[in-house]
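Counting from 1, position 165 in the sequence shown corresponds to residue 165 in full-length UniProt numbering; the numbering is continuous, with no gaps.
Just so you know, even glycine gets a beta-carbon here, dropped at the ideal spot from N, CA and C.
First up is the structure itself, then whatever we jot down about it.
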Amino acid sequence: MAARYLRAAPALSRLPRCPLPAAGVEQRRHYADKRIKVANPVVEMDGDEMTRIIWAFIKEKLILPNVDVQLKYFDLGLPHRDKTDDQVTIDSALATQKYSVAVKCATITPDEARVEEFKLKKMWKSPNGTIRNILGGTVFREPIICKNIPRLVPGWTKPITIGRHAHGDQVSQRRDCAAGQQLPQSLPDALPGPPQYKATDFVVNKSGTFKMVFTPKDGSGSKEWEVFNFPGGGVGMGMYNTDESISGFAHSCFQYAVQKKWPLYLSTKNTILKAYDGRFKDIFQEIFDKHYKTEFDKLKIWYEHRLIDDMVAQMLKSSGGFVWACKNYDGDVQSDILAQGFGSLGLMTSVLVCPDGKTIEAEAAHGTVTRHYREHQKGRPTSTNPIASIFAWTRGLEHRGKLDSNPDLIKFAQTLEKVCVDTVESGTMTKDLAGCIHGLANVKLNEHFVNTTDFLDAIKNNLDKALGKK
Numbered sequence: 001m002a003a004r005y006l007r008a009a010p011a012l013s014r015l016p017r018c019p020l021p022a023a024g025v026e027q028r029r030h031y032a033d034k035r036i037k038v039a040n041p042v043v044e045m046d047g048d049e050m051t052r053i054i055w056a057f058i059k060e061k062l063i064l065p066n067v068d069v070q071l072k073y074f075d076l077g078l079p080h081r082d083k084t085d086d087q088v089t090i091d092s093a094l095a096t097q098k099y100s101v102a103v104k105c106a107t108i109t110p111d112e113a114r115v116e117e118f119k120l121k122k123m124w125k126s127p128n129g130t131i132r133n134i135l136g137g138t139v140f141r142e143p144i145i146c147k148n149i150p151r152l153v154p155g156w157t158k159p160i161t162i163g164r165h166a167h168g169d170q171v172s173q174r175r176d177c178a179a180g181q182q183l184p185q186s187l188p189d190a191l192p193g194p195p196q197y198k199a200t201d202f203v204v205n206k207s208g209t210f211k212m213v214f215t216p217k218d219g220s221g222s223k224e225w226e227v228f229n230f231p232g233g234g235v236g237m238g239m240y241n242t243d244e245s246i247s248g249f250a251h252s253c254f255q256y257a258v259q260k261k262w263p264l265y266l267s268t269k270n271t272i273l274k275a276y277d278g279r280f281k282d283i284f285q286e287i288f289d290k291h292y293k294t295e296f297d298k299l300k301i302w303y304e305h306r307l308i309d310d311m312v313a314q315m316l317k318s319s320g321g322f323v324w325a326c327k328n329y330d331g332d333v334q335s336d337i338l339a340q341g342f343g344s345l346g347l348m349t350s351v352l353v354c355p356d357g358k359t360i361e362a363e364a365a366h367g368t369v370t371r372h373y374r375e376h377q378k379g380r381p382t383s384t385n386p387i388a389s390i391f392a393w394t395r396g397l398e399h400r401g402k403l404d405s406n407p408d409l410i411k412f413a414q415t416l417e418k419v420c421v422d423t424v425e426s427g428t429m430t431k432d433l434a435g436c437i438h439g440l441a442n443v444k445l446n447e448h449f450v451n452t453t454d455f456l457d458a459i460k461n462n463l464d465k466a467l468g469k470k
């Protein structure tokens, strides 16, 4: 692993003022040694903007004073990704493969405006896409339920977990065939790029024939499909997935359902995409029958395939308490619907679970909270919800505890999660959550909500009490 891609995070803010990470791959501080000892390292992936600032507070004030863990630090902030030609992202994923547990701060996926803002060398790909392509697996998103946060779908009394296949399908590599050429290199997403971009979509501006060709590697005859004869301008797309990836997706989902002791549903549109979606349906059924049916029967849970439109209706009518396996694009859309249905995207966990059942990467489900960061840069206080970022740490540490047979670490992670929920349920919360209760137009600072630093301080104080430090 190239040490040159690991460095200390730059100071981005005066508030909260937290010690910065030391240079190098290990992060250690001087603490009273009553901390929980952790036998194996955890990979830490730093991020961008407001979440980066919150991330530093969480690590320095909530985690490291209580947990003696070796952190393998990677700066995935956009300036450092640009400096290393995105090699740091690849290295962080490879480190996750080695150590089995990673926690990740939210990161920027640059568009044209970000390229200009940061004076980037090129429009770098999604770091999440790069990491998921290397690790494989399934992204599981699950809501964090607080009793006093009203749900848009009041019938959801139990959590619903969405497992999103983190590979292939409509995740796109764009091409422009208007003049029979690809887009210029100033827009690198048009060029053959890293393999997380599994689809090729394109624009045409003249009449012509769109064909797909499969050429076997063994030299046997090619097969050609004529997709459409364009009478004029239009768009087209080709996408794919692999049996290996679909099988890994299936194993991850079945294992997760067993862990949660919840039924599992797979949704596709196999009535329309008979071969493509039909392959998902067939592989899931084969793996279930061969590897998991007996265990599901013992737990009195079940597996079922449903059409995506039927599944959406069933989700809205249900009380929750199930795992929903979604293809890549479906999972991307439905997980945000799920988050809002339960109250807030700020109350949503996101964990990438690999098919080996051992390797995970935990992160917040939301982005870098750019709007709040702009206010923060002006020296104005914000009320930014840190709970999903805290849960990224706790889910990673809990999994480390399970792998290492460390019950104290597991208990700490669960205690910190309970403290977050209890703090909100006691009436101390950020503006987004207060808005769920009273309406954003009606909430007032220090009456209905507190600012970011005060909320984090409240969690720290409550955690210290829960751990017997006060």
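- Distance from the CA atom of threonine 423 to the CA atom of threonine 96, rounded to whole angstroms, is 32 angstroms.
- Less than 8 angstroms separates the beta-carbon of alanine 364 from that of threonine 51.
- In chain order, Val204 place their CB closer than 7 angstroms to the CB of glycine 234, counting only its own chain and leaving out the 5 sequence neighbours on each side.
- The beta carbon of glycine 367 lies closer than 7 angstroms to those of Ala106 in the same chain, with the five residues before and after it left out.
- By the Cβ criterion, the region 450-458 is in contact with the region 414-428, since at least three pairs of Cβ atoms, one from each stretch, lie closer than 8 angstroms.
- Annotation note: the region 366-441 contains the following uninterrupted alpha helix (DSSP H) runs of length 4 or greater, listed N- to C-terminal: 370-377, 387-404, 407-425, 431-438.
- Within the same chain, Cβ atoms closer than 6 angstroms to the Cβ of alanine 339 are found at Leu345, Met348, the five residues on either side in sequence being excluded.
- Put simply, of Phe74, Ala392, Phe280 the residue whose alpha carbon is nearest the alpha carbon of aspartate 243 is Phe280.
- Counting along the chain, the unbroken alpha helix (DSSP H) around isoleucine 459 starts and ends at 452-466.
- Boundaries of the beta strand (DSSP E) harbouring histidine 305: 303-307, taken from the DSSP string.
- Assignment of leucine 94 by DSSP, reduced to helix, strand and coil, places it in the helix class.
- By the CB criterion at 8 angstroms, histidine 305 and phenylalanine 284 fall inside the cutoff.
- Taking one beta carbon from each stretch, the region 41-48 and the region 101-115 have 3 or more pairs nearer than 8 angstroms; the two touch.
- The alpha-carbon separation between glutamine 377 and asparagine 451 amounts to approximately 15 angstroms.
- By a beta-carbon distance limit of 8 angstroms, glycine 155 contacts serine 319. Their separation comes to about 6 angstroms.
- Your pair phenylalanine 140 and valine 369 does not check out as a contact, with CB atoms roughly 22 angstroms apart and the cut at 8 angstroms.
- Residue range 223-230 is occupied by the beta strand (DSSP E) that includes asparagine 229.
- Beta-bridge partners of proline 143 (DSSP): Met348.
- A residue is called buried once 16 or more other Cβ atoms fall within 10 Å of its Cβ, and glutamate 142 is buried on that count.
- Within the same chain, Cβ atoms closer than 7 angstroms to the Cβ of isoleucine 308 are found at Ser267, Thr268, Lys269, Asp330, the five residues on either side in sequence being excluded.
- Leucine 338 carries a helical assignment under DSSP once its states are collapsed to helix, strand and coil.
- Sorting Gly341, Thr138, Asp91 by C-alpha distance to the C-alpha of proline 150 places Gly341 at the top.
- Our two residues, cysteine 253 and proline 231, have alpha carbons roughly 44 angstroms apart in a direct line.
- Non-local beta-carbon contacts of glycine 248 in its own chain, meaning distances under 7 angstroms to residues more than five positions away in sequence, involve Gly136, Gly137, Pro355 in chain order.
- No residue range can be given for methionine 239, since it is assigned to no beta strand (DSSP E) and is classified by DSSP as neither H nor E.
- The alpha-carbon of arginine 400 is positioned some 20 angstroms away from that of leucine 463.
- Counting the other CB atoms within 10 Å of its CB gives glutamine 334 a total of 16 or more, which places it among the buried residues.
- Per DSSP, phenylalanine 57 is one residue of the alpha helix (DSSP H) stretching across 49-57.
- Apart from the 5 residues on each side of it in sequence, alanine 39 sits with its Cβ closer than 6 angstroms to the Cβ of Asp404 in its chain, given in chain order.
- Secondary structure at histidine 80: helix, using DSSP grouped into helix, strand and coil.
- Rounded to the nearest angstrom, the Cβ distance from phenylalanine 412 to valine 67 is 6 angstroms, consistent with a contact under 8 angstroms.
- When the beta-carbon positions are compared, glycine 163 and alanine 362 stay at least 8 angstroms from each other.
- Per DSSP, the beta bridge partners of lysine 211 are Glu226.
- Selection Ser207, Tyr240, Lys206 evaluated against valine 213 yields Tyr240 as nearest (Cα-Cα).
- For valine 101, there is no enclosing alpha helix (DSSP H); the enclosing beta strand (DSSP E) has its first and last residue at 101-104.
- Setting aside the 5 residues that flank it on each side, histidine 251 is surrounded in the same chain by Ile287, Pro355, each with a C-beta closer than 7 angstroms to its C-beta; the list follows chain order.
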